[in-house]
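For what it's worth, numbering that gives the first Met the number 0 labels the leading residue of the sequence shown as 0, then goes sequentially.
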Amino acid sequence: MRVLLANPETSRSKYDYAGIIDDEPYELECLMSYLKQRGMEVRIWDGQINKNFRGEVKKYKPDFVYFCGRTRQENFIKEYAFFCKEYSRKSIFKSGSIFKKSDTEKASSITTIIGGAHASLCPDRFFTDYTDFVVTTYDPSVLADIIEGRNPEELNGVCFKKKDVYPTWDNYSDKDIWIKNKALPYDIKKMPWADRSNFYENKDRYCYLELRPCAIIRTAYCCPYRCAFCYRNRLNCGRYSARDIKDVVDEIDSIDCENIYIIDDDFLVIPDRLHTFVRLIKERGIKKKFVAFGRADFIVKHPEVIKELSEIGFYYILTGLEYIENKRLSDTNKRLGVNTNGNAIRILHENGIHMMGMFITDLDFKKKDFKNLYRWIKHFKLAHVAVSIYTPEMCLENFSEYKDRLITEDPADWDYLHLVAKPDNISVKKYYLYYHILLIKLFLRAKRMGIYDFMDYKSFIKSFLKNLFKFSG
Ligand code: SF4
Numbered sequence: 000m001r002v003l004l005a006n007p008e009t010s011r012s013k014y015d016y017a018g019i020i021d022d023e024p025y026e027l028e029c030l031m032s033y034l035k036q037r038g039m040e041v042r043i044w045d046g047q048i049n050k051n052f053r054g055e056v057k058k059y060k061p062d063f064v065y066f067c068g069r070t071r072q073e074n075f076i077k078e079y080a081f082f083c084k085e086y087s088r089k090s091i092f093k094s095g096s097i098f099k100k101s102d103t104e105k106a107s108s109i110t111t112i113i114g115g116a117h118a119s120l121c122p123d124r125f126f127t128d129y130t131d132f133v134v135t136t137y138d139p140s141v142l143a144d145i146i147e148g149r150n151p152e153e154l155n156g157v158c159f160k161k162k163d164v165y166p167t168w169d170n171y172s173d174k175d176i177w178i179k180n181k182a183l184p185y186d187i188k189k190m191p192w193a194d195r196s197n198f199y200e201n202k203d204r205y206c207y208l209e210l211r212p213c214a215i216i217r218t219a220y221c222c223p224y225r226c227a228f229c230y231r232n233r234l235n236c237g238r239y240s241a242r243d244i245k246d247v248v249d250e251i252d253s254i255d256c257e258n259i260y261i262i263d264d265d266f267l268v269i270p271d272r273l274h275t276f277v278r279l280i281k282e283r284g285i286k287k288k289f290v291a292f293g294r295a296d297f298i299v300k301h302p303e304v305i306k307e308l309s310e311i312g313f314y315y316i317l318t319g320l321e322y323i324e325n326k327r328l329s330d331t332n333k334r335l336g337v338n339t340n341g342n343a344i345r346i347l348h349e350n351g352i353h354m355m356g357m358f359i360t361d362l363d364f365k366k367k368d369f370k371n372l373y374r375w376i377k378h379f380k381l382a383h384v385a386v387s388i389y390t391p392e393m394c395l396e397n398f399s400e401y402k403d404r405l406i407t408e409d410p411a412d413w414d415y416l417h418l419v420a421k422p423d424n425i426s427v428k429k430y431y432l433y434y435h436i437l438l439i440k441l442f443l444r445a446k447r448m449g450i451y452d453f454m455d456y457k458s459f460i461k462s463f464l465k466n467l468f469k470f471s472g
């Protein structure tokens with residue numbers, strides 16, 4: 000069986016982080032490992048670094064193509080799945096004219112399977128004629144079982160098409176209906192280590208800011224917190240599942256890369272686990288730089304852990320500070336206050352760790368809120384900042400509250416850089432104007448502070464200005 004695992008590009012415009020933050024397709028690499036163990040021939044196609052998906056399909060001639068991605072990749076996933084089916088269809092009907100006979104035989108059997116974070120939470124969005132299966136679980140055996148032809152009715156965490164055997168007179172259709180088999184939480188301890196052959200072949204293309212190259216590892220699924228705006232805590236059926244930390248250190252030790260990005264939604268969860276992590280890294284003499292997500296309240300409650308992490312090379316901690324007002328923080332169930340955020344910045348700085356502070360601009364923001372956010376960031380001497388526009392997630396219950404005020408339905412706009420819903424107090428144009436002014440001010444400040452020297456400032460400022468005029472009128 001030939002399987003192509005595809006991660007489509009995130010954007011075809013320059014309005015994204017391509018070349019700044021490019022993640023190794025870790026999820027696909029773990030699947031690759033597992034499928035190889037089951038005797039399959041597997042290849043990864045990563046749209047961040049490769050451009051020609053169609054050429055890859057024609058050349059590799061897969062029997063199965065599995066796609067994964069986030070909301071903003073939905074269009075590309077669908078476009079490529081459609082291509083696979085069209086390629087198959089044309090091959091059948093035009094055999095001999097366009098494609099060689101061997102191509103025809105292969106292409107006629109391409110099965111399209113869609114998985115990943117977005118499909119697992121919003122499977123219905125992929126129920127199309129050109130999708131064969133949607134996988135909603137992290138369990139890699141489900142994908143392998145589908146490929147080996149097991150009856151999908153026996154599998155948990157899969158959506159599949161079936162003939163409606165009991166149509167009624169008022170909903171008669173000869174079309175297939177989609178059946179959704181519920182997913183079960185998956186124990187991450189069972190997932191094999193990533194197969195990094197793709198990473199080593201393209202090592203220089205994967206990066207986190209100036210940390211180049213940068214490899215990825217996951218030590219846990221899901222997040223034990225329940226912030227109202229976030230979908231990450233819904234993954235793996237909402238069940239937190241963590242790897243044995245010794246196994247994590249063994250894998251880190253085996254990776255030929257000096258920078259490691261721990262991609263857990265929240266790595267700073269269990270103090271004892273982190274103490275053991277530090278001890279094992281020291282005992283092994285591992286010298287690497289680390290990037291990880293961590294909450295501000297953990298940093299403030301456990302400064303001793305932060306000190307230890309700084310000693311083993313923690314370089315960036317990515318923290319969702321979100322807002323600079325207590326009311327906004329409590330309204331979103333963040334379970335911490337602004338003072339905690341300020342103290343967390345101070346503790347990281349005292350330990351020589353860079354905080355990447357992540358903020359949200361809410362839909363009720365006025366001009367003064369954008370200005371206040373800039374002042375707050377400046378006051379706390381925060382150099383690394385990411386500011387997202389509030390984006391209601393399609394998979395969350397509160398999405399229906401925004402249905403009437405959506406200004407776009409294009410999933411490509413769910414990149415946290417676009418307004419998808421009408422702002423409360425100012426026009427869309429004004430909102431974009433103030434947002435882009437904030438980004439430009441932050442960017443110029445970062446330039447003065449000498450960070451991001453690895454980036455092409457001029458082209459970034461140009462793209463910010465272009466977007467400022469494009470979006471704000
Ligand atoms: S702590 Fe972070 S990952 Fe967890 S629910 Fe909150 S925002 Fe999401």
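Ideal Cβ placement from N, Cα and C applies to all residues, glycine included. In this text the structure is predicted, and so the values were computed from the model without any measurement.
Check: residue i C-beta below 7 Å from any heavy atom of ligand 1
{"i": "Arg-233", "result": "no"}
{"i": "Asp-265", "result": "yes"}
{"i": "Arg-225", "result": "yes"}
{"i": "Gly-293", "result": "no"}
{"i": "Gly-148", "result": "no"}
{"i": "Cys-229", "result": "yes"}
{"i": "Cys-222", "result": "yes"}
Residue of the options minimising C-alpha distance to residue i
{"i": "Tyr-260", "options": "Arg-242, Ala-295, Cys-226 and Arg-211", "result": "Arg-211"}
{"i": "Tyr-434", "options": "Gly-68, Lys-457, Val-141 and Phe-358", "result": "Phe-358"}
{"i": "Asp-128", "options": "Cys-121, Ile-112 and Thr-136", "result": "Ile-112"}
{"i": "Glu-40", "options": "Pro-61, Lys-50, Thr-407 and Phe-81", "result": "Pro-61"}
{"i": "Phe-228", "options": "Met-448, Cys-394 and Glu-324", "result": "Cys-394"}
{"i": "Ile-311", "options": "Gly-284, Asp-330, Asn-342 and Lys-421", "result": "Gly-284"}
{"i": "Arg-447", "options": "Asp-423, Lys-377, Glu-8 and Asp-271", "result": "Lys-377"}
{"i": "Gly-449", "options": "Arg-69, Thr-9, Leu-142 and Ala-382", "result": "Ala-382"}
{"i": "Phe-366", "options": "Ile-436, Ile-305 and Pro-184", "result": "It is Lys, not Phe, that sits at residue 366 in the sequence shown. The candidate whose alpha carbon is nearest that of Lys-366 is Ile-436."}
{"i": "Lys-421", "options": "Asp-361, Asp-452, Tyr-456 and Lys-465", "result": "Asp-361"}
{"i": "Asp-45", "options": "Glu-26, Phe-63 and Ile-269", "result": "Glu-26"}
{"i": "Met-354", "options": "Asn-332, Leu-335 and Phe-379", "result": "Phe-379"}
{"i": "Val-247", "options": "Leu-273, Gln-36, Ile-460 and Val-141", "result": "Leu-273"}
{"i": "Tyr-207", "options": "Leu-34, Ala-291 and Leu-328", "result": "Ala-291"}
{"i": "Ser-119", "options": "Thr-70, Tyr-205 and Phe-82", "result": "Thr-70"}
{"i": "Ala-385", "options": "Leu-328, Leu-320 and Leu-405", "result": "Leu-320"}
Beta strand (DSSP E) segment containing residue i, residue limits
{"i": "Gly-319", "result": "313 to 321"}
{"i": "Asn-180", "result": "175 to 180"}
{"i": "Asp-45", "result": "40 to 45"}
{"i": "Ser-387", "result": "383 to 388"}
{"i": "Leu-4", "result": "1 to 6"}
{"i": "Val-337", "result": "From DSSP, Val-337 is part of no beta strand (DSSP E) but of the alpha helix (DSSP H) over 337 to 349."}
{"i": "Asn-325", "result": "Per DSSP, Asn-325 belongs to no beta strand (DSSP E); it is in the alpha helix (DSSP H), 325 to 330."}
{"i": "Cys-66", "result": "The question names Cys, but residue 66 is Phe in the sequence shown. Residues 63 to 67."}
{"i": "Leu-460", "result": "Note that residue 460 corresponds to Ile in the displayed sequence, not to Leu. Not the beta strand (DSSP E): Ile-460 falls in the alpha helix (DSSP H), residues 456 to 471."}
{"i": "His-353", "result": "353 to 360"}
Endpoints, the alpha helix (DSSP H) within which residue i is located
{"i": "Arg-517", "result": "With the chain represented from 0 up to 472, any question about residue 517 goes unanswered, as that position is not in the structure."}
{"i": "Gly-147", "result": "Correcting the residue type first, residue 147 is Glu in the shown sequence and not Gly. Neither: Glu-147 is in no alpha helix (DSSP H) and is coded neither H nor E."}
{"i": "Val-419", "result": "Val-419 -> no alpha helix (DSSP H), and no H or E assigned at all."}
{"i": "His-435", "result": "427 to 447"}
{"i": "Cys-158", "result": "Element bounds for Cys-158: not the alpha helix (DSSP H) but the beta strand (DSSP E), 157 to 162."}
{"i": "Gly-284", "result": "Element bounds for Gly-284: n/a, residue is neither H nor E."}
{"i": "Lys-245", "result": "244 to 253"}
{"i": "Lys-300", "result": "295 to 300"}
Residue environment, residue i, which counts as buried when at least 16 other CB atoms sit within 10 Å
{"i": "Lys-77", "result": "buried"}
{"i": "Tyr-473", "result": "Not covered by the structure: residue 473. The range shown for the chain is 0 to 472."}
{"i": "Lys-161", "result": "exposed"}
{"i": "Asn-466", "result": "buried"}
{"i": "Thr-103", "result": "At Thr-103, the pLDDT of 45 sits below 50, so the modelled position is not reliable; the number obtained from the coordinates is stated separately. When all chains shown are included, Thr-103 counts as buried."}
{"i": "Gln-72", "result": "buried"}
{"i": "Tyr-79", "result": "buried"}
{"i": "Gly-68", "result": "buried"}
{"i": "Phe-47", "result": "This sequence places Gln at residue 47; Phe is not what is there. With 16 or more Cβ atoms within 10 Å of its Cβ, Gln-47 is classed as buried."}
{"i": "Asn-6", "result": "buried"}
{"i": "Lys-174", "result": "exposed"}
{"i": "Leu-443", "result": "exposed"}
Cβ distance (whole Å) where residue i is taken to contact residue j below 8 Å
{"i": "Val-134", "j": "Gly-156", "result": "6 Å"}
{"i": "Tyr-415", "j": "Phe-470", "result": "Wrong, their Cβ atoms sit about 14 Å apart, outside the cutoff."}
{"i": "Ala-343", "j": "Ile-298", "result": "4 Å"}
{"i": "Lys-281", "j": "Tyr-314", "result": "Actually they are not in contact, since the Cβ atoms of Lys-281 and Tyr-314 sit about 17 Å apart, beyond 8 Å."}
{"i": "Leu-4", "j": "Val-56", "result": "Not confirmed; about 12 Å, so no contact."}
{"i": "Ile-146", "j": "Phe-63", "result": "5 Å"}
{"i": "Trp-177", "j": "Phe-126", "result": "5 Å"}
CB contact check: residue i to chain D, cutoff 8 Å
{"i": "Val-419", "result": "The chain inventory of the structure shown lacks chain D, comprising one protein chain alone."}
Residue i CB to nearest heavy atom of ligand 2 below 7 Å
{"i": "Gly-319", "result": "Although ligand 2 was asked about, the structure shown includes only ligand 1 as ligands."}
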